[in-house]
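First up is the structure itself, then whatever we jot down about it.
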Amino acid sequence: MQILGICGSLRKASLNMAALRACNELLPSGMTMRITSIADLPMFNQDVFDAGIPEPAKRLRAEIAEADGVLIASPEYNFSLSAALKNAIDWASRPPNQSWQDKPVAMFSVSQGPLGGARVQYDVRRILGQLWAHVLPRPEVFIGAAPSKFDAQGKLTDENTRKFLADLLTGFKPWIERMRVKK
Ligand SMILES: Cc1cc2nc3c(=O)[nH]c(=O)nc-3n(C[C@H](O)[C@H](O)[C@H](O)COP(=O)(O)O)c2cc1C
């Protein structure tokens, strides 16, 4: 079972990316993860799409389509999702063969605020739901006050947070099996 990791923050020292990397150490047996980049996507423009999908978007669409599931790490920007993440979702959402159709997705959010991105999750869930993605309802994982949970090298050191992420990944595996569409 191969999952694709997508991080909604583009910054080098992103704590969402640090948490996503930590997930690699917490995967259940039989699951592997590859983390992709959304940094090279141009801003979505239907004219550009119609003229020929740019390579980075083509690549992302194929990566999502080929993955058994997608794991999203999302920052909260102004109570919602980052433009970078929305842009990536949009590029993969246009027909034909929109990539989110029937795709199992799990998500978590990492933020500096005390709520851990509680508000962003429902926006991401709402957006992906109407694209017929199947977003794992629970467990919900909100990593708040994030800077205190990582060391200076970006290693996730907080044991409770590691356990929350491990539980999310453990729950994601049967969700992928349950949502698998017979082709
Ligand atoms: C434009 C912008 C808006 C932000 N808005 C919120 C917010 O609404 N809620 C919140 O908890 N943190 C907010 N933050 C702080 C982020 O939680 C913090 O920068 C976090 O580290 C971003 O994730 P990253 O480390 O993966 O880049 C915002 C940061 C930026 C740059």
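Following the working numbering, the residues of the sequence shown are numbered contiguously, the last one being 210.
From the three backbone atoms N, C-alpha and C, an ideal C-beta is built for every residue, glycine too.
When secondary structure is reduced to three states using DSSP, residue 59 falls in the strand class.
When DSSP states are grouped into helix, strand and coil, residue 122 belongs to the coil group.
In the pairwise beta carbon analysis, the segment 155-165 is classified as touching the segment 109-129: at least three pairs are separated by under 8 Å. Taking a C-beta distance under 8 Å as the contact criterion, residue 47 and residue 65 do not qualify as a contact pair. Bounds of any alpha helix (DSSP H) do not take in residue 134; it lies within the beta strand (DSSP E) bounded by 131-137. Bounds of the alpha helix (DSSP H) holding residue 203 are 186-206. Of the residues 138, 207 and 192, the one whose Cα lies closest to the Cα of residue 173 is 138. Nearest to residue 201 by alpha-carbon distance, out of 103, 143, 95 and 114, is 95.
Taking the CA atoms as reference points, residue 107 sits about 20 Å from residue 166. Taken atom to atom, the span from the alpha-carbon of residue 186 to that of residue 122 is near 42 Å. Taking non-hydrogen atoms of ligand 1 into account, the C-beta of residue 105 is found less than 7 Å away from one of them.
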